[in-house]
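Visitor: Have a look at this one.
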Amino acid sequence: MEFEVSYSLDNEQQFWDELDDIVSAHCQTHALIDNALRAYLSFTTNYKGEYLQSEYDIARCSYKLLDSALFVAHKDYVRRQIVYCLLQEDAADTLHLIVSFLLYDGRQNDITFEMINEEGGFPRLLELILCRKDDDAGLHRLLLELLYEMSRIQRIRTEELALIADDFIIYLFRIIEELSDDANDPYHYPVIRVLLVLNEQYMVSTHDPGPDQAPTAPLTNQVIKTLALHGSAYKTFGENLILLLNRESETSLQLLILKLLYLLFTTRSTYEYFYTNDLRVLVDVMIRNLLDLPSDSTALRHTYLRVLYPLLAHTQLQQAPHYKREELLKLLEMMTNARSAHFGAVDETTSRLVRRILRVPWLKDEEEDTEPGSGEIARRMLGADLLGMELGKARESTLSVVEVAAHKEKPGVQTPSREKDGIGHGIDEVITHRTRGDGPIDHGTGSGVALEPSGNGVTLGTNEHVLGDEKSPFEVEGEA
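First residue of the sequence shown: 1, per the UniProt record's numbering; consecutive thereafter.
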C-alpha cells in the first residue's frame, strides 16, 4: 500500500502525536477513509523499527486506530479494507500492523473474525503462517493467534479445511519440539491452540455438519493422522496437553483439549501415544477436575467422563499395577450416589457414563465378560485405511463422539470451581497425597510431567488478554 508523505520526527512523543493526528481525520467519503488508512499504515511501518520495537508498542498502535473517531464512525468499512489488506499485502512490517489490528478488534467484536472467514482469510492465514516465521517472530505469533481466534468461534468451510496439507500440521508439531526446552516460549501456547482448534474443526465437519453443508466424504483429520503415523516424534505436544488441562480455567480451551484426548484414546494407532507416567498424571488431573466441578456443570462433567472411559480402557493403564483404582472407584461411587452431598442429584446421562466406566475390566471387583467397549472411530475420522483402523460398532461410541464434537462454550467463559468458591468439601477423601502435588512416581518410561499446586487459571507462555477485551487498555494512559 503506497502512500508517500514526508515526516521529520525528533522523538517518540512526536511519533505518537502524529499518529493521533492521522487517525483523528474526519472523513466523509470512502476515498478519504482510504487515504487515512494508507497514511496510518505507511507512517507506522516507516517508523516501526524505531518506535514500535515491542509487542506492547504494536498493540498500542492498533488501539490508536480502534479508539479513533475514524474507526468509530466507519467500523464496517475500515474493517473490510483492513481484511482486504490482509489478503493482498506481502510486506512483513505492514502485515504485522494489519494482523495486530484484526486480532484486537476481533477479540472485542466477533464480526471481525466472521468477516475474515467470509472473505477467504482462512487459507491466506495458512499460507502466511507457513512462510512467515523467519520474517518476524512477533508477526508469526500474531498470525497463529488470529487463526486460532477466528476458528474457535465459527465453522470453517469444508473445502477450506481440505486445503490443510500434511506439511502444515507437521510444521506446527516441529515448532513445538524445537522449543521443548522452554515451556514458556511464546510459541508454545499459540501453536498448541491452533492444533487443538483444527482438530475440533475436523470433528465438527465430520460429526456435526451444518444444515447447509452438502454430504461429502469425511475429511482426513490431519492432526490425528500425524500423531498416528509419527506420534513418537512429537511427544512434547502430548506432555503440554496434560499440563494445559491441569492449568487452564477457560472452559472452551478445556473442551478443545478433551476433544483431542477423546480421539487419541479411541484411535487404535494412538492408544499408546502418551508415556505411562503422563497417563497417570492425566488420571490425577481428571479426578481433581471432576471433583472440583460444581453440581450444575453437567455438560462439562459428561465430556470428562466420555474421555475417562477410553483413557482407562484402551491405554497402558490397563496393565498392572493399576493406578488409582480405589480412588477412581470412590469417585464413581460418589457420582452415582443419590445421597452424595458432593454431587447432589444424579442425572441419567451421568449414571449411564459412570456405569460404562465401571465395565472397564480392571476396575471391576470380579472378572467377568464385558460388553464391547467404545471401539474405533478412526476410519471415519481419518479416512485412512493405511493406518489399520476399524470403525466401532457400539452405539455408545457413536453417541459419545457426536456429543463430544458438538459440546462448545463461548470464549472467555471460566470453568466454575468448588475450590475457588470455598465449597470443596469431600475432595480430600478421594484424592490422595500425590494428586494435587508432585505427580505420580513411575519407574518406567515417561517424561515425568508433574501437576502443579497452583490449580486453575495459569496460562502457558502467552500474554493473551493482558490487553483487555472490553475496552482499550490505552484509553487512560499517560502521555509518554
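The C-beta atom is built at its ideal place from N, Cα and C for all residues, glycine as well. Just so you know, these numbers come straight off a predicted model, no measurement behind them.
1) In three-state DSSP terms, what is Glu250?
2) Which full runs of the alpha helix (DSSP H) of 4+ residues lie inside the region 292 to 342, going along the chain?
3) What's the call for Ser24, buried or exposed, on a 16-neighbour Cβ count within 10 Å?
4) Where Phe274 and Val283 are concerned, what is the direct C-alpha to C-alpha distance, given to the nearest angstrom?
5) To which residues of the same chain is Glu18 closer than 6 Å at the C-beta, ignoring the five residues directly before and after it?
6) By the DSSP assignment, the alpha helix (DSSP H) with His230 in it spans what residues?
7) Taking its Cβ as the centre, do 16 or more other Cβ atoms sit within 10 Å of Arg174, making it buried, or is it exposed?
8) For Leu146, which residues from the same chain have a beta carbon less than 7 Å from its beta carbon, with the 5 sequence-adjacent residues on both sides left out?
9) Going by the beta-carbon positions, is the gap between Val307 and Leu245 smaller than 7 Å?
10) Kindly list the residues whose CB is nearer than 8 Å to the CB of Asp135, restricted to its own chain and excluding five residues on each side of it in sequence; keep chain order.
11) Does the Cβ of Glu200 have 16 or more other Cβ atoms within 10 Å, making it buried, or fewer, making it exposed?
12) Pull up the distance between the alpha-carbon of Gly106 and that of Leu329, whole angstroms please.
13) Name the two residues that bound the continuous alpha helix (DSSP H) containing residue 481.
14) Alpha carbon to alpha carbon, how far is Ile287 from Leu331?
15) Please report the residue range of the alpha helix (DSSP H) in which Leu87 lies.
16) Tell me, please, whether the region 114 to 123 touches the region 68 to 85 by the rule of three or more beta-carbon pairs shorter than 8 Å.
17) Is the separation between the beta-carbon of Leu290 and that of Tyr304 shorter than 7 Å?
18) Between the Cα of Leu256 and those of Asp67, Tyr323, Ile242, spot the shortest distance and give me the residue it belongs to.
19) Is it true that the region 152 to 164 meets the region 129 to 144, where meeting means three or more beta-carbon pairs spaced less than 8 Å apart?
20) Return the CA-CA distance between Gly457 and Leu196, expressed in angstroms with no decimal places.
21) Just to check my reading of the structure: Val194 and Leu172 have Cβ atoms closer than 8 Å, yes? What is that Cβ distance to the nearest angstrom?
22) If we count the other Cβ atoms within 10 Å of its Cβ and call it buried at 16 or more, is Leu97 buried or exposed?
23) When the Cα atoms are used, what is the spatial distance from Leu253 to Glu89?
24) Does DSSP put Leu9 in a helix, in a strand, or in coil?
25) Run the CB neighbour count on Glu390, radius 10 Å, all protein chains shown included, and call it buried at 16 or more, exposed below.
26) Taking a contact to mean a Cβ-Cβ separation below 7 Å, would you say Leu219 touches Tyr202 in this structure?
27) How would you write the range of the alpha helix (DSSP H) that Cys27 sits in, first residue to last?
28) Alpha carbon to alpha carbon, how far is Glu12 from His26?
29) Using CA coordinates, which residue listed in Met335, Tyr271, His322 is at the minimum distance from Asp296?
30) Would you identify the three-state DSSP class for Phe265, choosing helix, strand or coil?
31) Skipping 5 residues on each side, what residues in its chain have a beta carbon closer than 8 Å to that of Arg325?
32) If the criterion is Cβ atoms closer than 7 Å, does the pair Thr349 and His302 meet it?
33) Kindly indicate the opening and closing residues of the alpha helix (DSSP H) around Gln201.
34) May I have the straight-line CA-CA distance separating Phe168 from Gln28, to the nearest angstrom?
35) Suppose you measure from the CA of Leu263 to the CA of Thr298; what does that come to, to the nearest Å?
36) Considering only residues of the same chain and omitting the five flanking positions on each side of Ala36, which have a CB-CB separation below 6 Å?
Guide: If we stick to the structure as given:
1) Counting from one through the sequence shown, the residue named residue 250 turns up at place 250. Reduced to three states, the DSSP call for Glu250 is strand.
2) Complete alpha helix (DSSP H) runs here, min 4: 298 to 314, 325 to 336.
3) Within the sequence shown, residue 24 is the residue found at index 24, counting from 1. Residue environment for Ser24: exposed (fewer than 16 other C-beta atoms within 10 angstroms of its C-beta).
4) Position 274 of the sequence shown, counting from 1, holds the residue named residue 274. Position 283 of the sequence shown, counting from 1, holds the residue named residue 283. If I take the Cα positions, the gap works out to 12 Å.
5) Taking the first residue of the sequence shown as position 1, residue 18 is located at position 18. Nothing meets the Cβ criterion.
6) On the sequence shown, residue 230 is found 230 positions in, with the first residue counted as 1. Start and end: 222 to 230.
7) Counting from one through the sequence shown, the residue named residue 174 turns up at place 174. Burial call: exposed.
8) Along the sequence shown, read from residue 1 onward, the residue named residue 146 stands at position 146. Once the five neighbours on either side are set aside, the close Cβ partners of Leu146 are Val99, Leu102, Leu103, Leu125.
9) On the sequence shown, position 307 is the one that residue 307 refers to. On the sequence shown, position 245 is the one that residue 245 refers to. Not closer than 7 Å, so no.
10) Translated into positions along the sequence shown, residue 135 becomes position 135. Counting only Cβ-Cβ distances below 8 Å, and skipping sequence neighbours, we find Ala92.
11) Your numbering for residue 200 matches position 200 in the sequence shown. The residue is buried, with at least 16 neighbouring Cβ atoms inside 10 Å.
12) On the sequence shown, residue 106 is found 106 positions in, with the first residue counted as 1. On the sequence shown, residue 329 is found 329 positions in, with the first residue counted as 1. Cα to Cα, the separation comes out at about 45 Å.
13) There is no way to answer for residue 481, as the model of the chain reaches only from 1 to 480.
14) Counting from 1 along the sequence shown, the entry for residue 287 is found at position 287. Counting from 1 along the sequence shown, the entry for residue 331 is found at position 331. Roughly 7 Å separates the two Cα atoms.
15) Position 87 of the sequence shown, counted from the first residue, corresponds to residue 87. Following the DSSP letters along the chain, one finds Leu87 inside the alpha helix (DSSP H) bounded by residues 75 to 88.
16) Counting C-beta pairs with one atom in each stretch, the region 114 to 123 and the region 68 to 85 have three or more that are closer than 8 Å, which means they touch.
17) What you label residue 290 is simply residue 290 of the sequence shown in a count that begins at 1. What you label residue 304 is simply residue 304 of the sequence shown in a count that begins at 1. Taking 7 Å as the cut-off, the Cβ atoms of Leu290 and Tyr304 count as close.
18) The sequence position of residue 256 within the sequence shown is 256, counting from 1. Comparing Cα positions, the closest option is Ile242.
19) Three or more Cβ pairs closer than 8 Å define a contact, and the region 152 to 164 falls short of that threshold against the region 129 to 144.
20) In the sequence shown, counting from the first residue as 1, residue 457 sits at position 457. In the sequence shown, counting from the first residue as 1, residue 196 sits at position 196. Residue confidence for Gly457 is low, a pLDDT of 32 falling below 50, so the modelled location carries little weight; the figure read from the coordinates is stated next. Here the C-alpha atom of Gly457 lies approximately 19 Å from the C-alpha atom of Leu196.
21) Mapped onto the sequence shown, residue 194 falls at position 194. Mapped onto the sequence shown, residue 172 falls at position 172. That belief holds up - the Cβ atoms of Val194 and Leu172 are roughly 6 Å apart, short of 8 Å.
22) On the sequence shown, residue 97 is found 97 positions in, with the first residue counted as 1. Answer is buried; the Cβ neighbour count reaches 16.
23) Along the sequence shown, read from residue 1 onward, the residue named residue 253 stands at position 253. Along the sequence shown, read from residue 1 onward, the residue named residue 89 stands at position 89. Roughly 31 Å between the two C-alpha positions.
24) Taking the sequence shown and counting its residues from 1, the one referred to as residue 9 is at position 9. Leu9: coil per DSSP, three-state reduction.
25) In the sequence shown, counting from the first residue as 1, residue 390 sits at position 390. Because Glu390 sits at a pLDDT of 37, beneath the cut-off of 50, its placement in the model cannot be relied upon, and the point is left open.
26) In the sequence shown, counting from the first residue as 1, residue 219 sits at position 219. In the sequence shown, counting from the first residue as 1, residue 202 sits at position 202. Yes. Within cutoff.
27) Along the sequence shown, read from residue 1 onward, the residue named residue 27 stands at position 27. Cys27 -> no alpha helix (DSSP H), and no H or E assigned at all.
28) Sequence index remark: in the sequence shown, residue 12 carries index 12 (1-based). Sequence index remark: in the sequence shown, residue 26 carries index 26 (1-based). Cα to Cα, the separation comes out at about 25 Å.
29) Along the sequence shown, one-based indexing puts residue 296 at 296. Minimum Cα distance to Asp296 is reached at Met335.
30) As a working note, residue 265 is residue 265 in the sequence shown. It is helical.
31) In the sequence shown, residue 325 corresponds to position 325, counting from 1. The answer, listed in chain order, is Trp362, Leu363.
32) Reading the sequence shown from its first residue, position 349 is the one you call residue 349. Reading the sequence shown from its first residue, position 302 is the one you call residue 302. The Cβ atoms of Thr349 and His302 sit closer than 7 Å to each other.
33) As a first step, residue 201 is located in the sequence shown; it is residue number 201 there, counting from the start. 188 to 207 is the span of the alpha helix (DSSP H), which, as asked, contains Gln201.
34) As a working note, residue 168 is residue 168 in the sequence shown. As a working note, residue 28 is residue 28 in the sequence shown. Looking at the backbone, the Cα of Phe168 and that of Gln28 are separated by about 44 Å.
35) Stepping through the sequence shown from its first residue, residue 263 is reached at position 263. Stepping through the sequence shown from its first residue, residue 298 is reached at position 298. Looking at the two C-alpha atoms, the distance is approximately 21 Å.
36) The sequence position of residue 36 within the sequence shown is 36, counting from 1. Counting only Cβ-Cβ distances below 6 Å, and skipping sequence neighbours, we find Ala25, Cys27, Leu70.
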